[in-house]
Amino acid sequence: MAELFSAEWMNRFQEEWNKEPDLFETLGKIHFTSTIAYGFEGEAAPRGVLVVEEGKVVRSGAYNNEPLNWDLRASQENWAKWIAKGIGMMGLGLAYTTRKLKFEVGDYGAMVSDPRMAAPFIKTFSVMGRV
């Protein structure tokens, strides 16, 4: 298995994302286009990145100083737990308020208050579990 958020892992995440209609169709309907980075708390930069256009991931790999719309950070242990078990709205809220999940870039409040974005965001954790 590839190391979490490595270029290889991110490429597999792209494949799984683009197979999941609850992600690409839902986000496509709201014309969601963003560059999303993932990494570990305490590190200077994220490790992996997805470029999403109209809900579909069009590019993935190692972070290479791209301008970001979202930069999500957590400990390796927390990422592993959420990837293995998924996360619901309550778990997401708890992770955010206890600072276990940090949004270095991006507006958590705006995302979670919009069900068109919140539900797909939660879905990404189960999709990660298929990588």
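Last residue of the sequence shown? That's 130 in numbering that gives the first Met the number 0, and every number before it is there in order. Don't be surprised by glycine CBs; every beta carbon is placed ideally from N, CA and C.
Contacts around residue i, its chain only, beta-carbon distance under 7 Å, and the 5 residues preceding and following it disregarded
{"i": "E2", "result": "W8"}
{"i": "G105", "result": "N68, W69, D70"}
{"i": "F120", "result": "M110"}
For residue i, three-class secondary structure by DSSP
{"i": "G41", "result": "coil"}
{"i": "I121", "result": "helix"}
8 Å Cβ shell around residue i - same chain, five flanking residues per side excluded
{"i": "N77", "result": "A94, K99, L100"}
{"i": "V126", "result": "F12, E15, W16, E19, L22"}
Alpha-carbon spacing of residue i relative to residue j, whole angstroms
{"i": "K18", "j": "T123", "result": "12 Å"}
{"i": "L49", "j": "G38", "result": "12 Å"}
{"i": "E52", "j": "M116", "result": "14 Å"}
Exposure of residue i, with buried meaning 16 or more beta-carbon neighbours within 10 Å
{"i": "F88", "result": "Checking the sequence, you will find Met at residue 88 rather than Phe. Flag for M88 reads exposed."}
{"i": "P45", "result": "buried"}
Residue from the options with nearest C-alpha to residue i
{"i": "I35", "options": "G41, T25, G128, V57", "result": "V57"}
{"i": "G41", "options": "I86, S33, A73", "result": "A73"}
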